[in-house]
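Last residue of the sequence shown: 462 in our numbering, with the numbers rising by one and none dropped.
Notes to accompany the following structure.
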Amino acid sequence: MAQILKPPTPLPKPFGLPSVFLAGSIDMGQAATWQRDVEQLLDAHEILILNPRRDDWDASWQQDRSNPQFVAQVEWELDALARADRILMYFAPGSLAPITLLELGLFASSGKVVVCCPLGYWRKGNIDIICEHHRIPQASNLAELCSYAPR
312 MAQILKPPTP LPKPFGLPSV FLAGSIDMGQ AATWQRDVEQ LLDAHEILIL NPRRDDWDAS
372 WQQDRSNPQF VAQVEWELDA LARADRILMY FAPGSLAPIT LLELGLFASS GKVVVCCPLG
432 YWRKGNIDII CEHHRIPQAS NLAELCSYAP R
């Protein structure tokens, strides 16, 4: 059975299980909760799912270095991204996903990113070119994206 960690839960050292980070559209809580679908698809596997979509996120928090909740969130995500065995990245149609674009740039050459970017995502052309350039596999849907999770 999969274990799921979300911020602000501290990340264990070491993880003790194969791990996957769920990078993708959140858009300050406005994007569909695709992470729940991925959690269900991976539930039967002995895997650690690192889901940055915080249950108690407050969209009114100032996104500034002076806000300790915001700093803790960003640091949790950066640590989890760096330590994850695989990064599953989903660009939801109709979302902007600016942080996911940033994360793709940060980890494109890491060899551990897999992308799902359906038609309708506003920068799909850029995503496709980046994936081709860095030889990043692309999945056509969430089920296929999950097939890349470490086992």
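Glycine is no exception: its CB is placed at the ideal position from the N, C-alpha and C atoms.
May I have the straight-line CA-CA distance separating residue i from residue j, to the nearest angstrom?
i      : j      : result
ARG446 : LEU389 : 22 Å
LEU333 : PRO429 : 16 Å
TRP387 : GLU414 : 13 Å
ILE360 : LYS324 : 15 Å
LEU412 : SER451 : 18 Å
GLU350 : CYS457 : 9 Å
ARG364 : ASP375 : 18 Å
ILE440 : ARG434 : 10 Å
ALA391 : TRP368 : 18 Å
Smallest Cα separation from residue i: which of the options?
i      : options                           : result
VAL426 : MET400, LEU453, LEU359 and TRP433 : MET400
GLN373 : SER458, CYS457, ARG364 and GLN384 : GLN384
SER330 : ILE438, ALA343, GLU455 and ALA313 : ALA313
ALA343 : CYS457, LEU453 and PRO461         : LEU453
SER406 : PHE326, THR320 and TRP345         : TRP345
Between residue i and the rest of its own chain, which residues show a CB-CB distance below 8 Å, the 5 nearest in sequence each way excluded?
i      : result
PRO404 : PRO429, LEU430, GLY431 and TYR432
ASN252 : With the chain running from 312 to 462 in the structure shown, residue 252 is simply not present.
ASP366 : LYS317
Is residue j closer than 7 Å to residue i when the C-beta atoms are compared?
i      : j      : result
ALA408 : SER336 : yes
LEU362 : ILE410 : A small correction: the amino acid at residue 362 is Asn; Leu does not occupy that position in the sequence shown. Cβ atoms of ASN362 and ILE410: not closer than 7 Å.
LEU322 : ILE358 : no
PRO461 : ARG397 : yes
Enumerate in chain order the residues of its own chain whose CB-to-CB distance from residue i is below 7 Å, with the five nearest sequence positions on each side excluded.
i      : result
GLN380 : TRP372
Can you give me the Cβ contacts of residue i inside the same chain, cut-off strictly under 6 Å, excluding the 5 residues immediately before and after it?
i      : result
LYS423 : ARG397 and ILE398
Q | Sufficient close CB pairs (3 or more, under 8 Å) joining the segment 416-426 to the segment 345-364 | A | no
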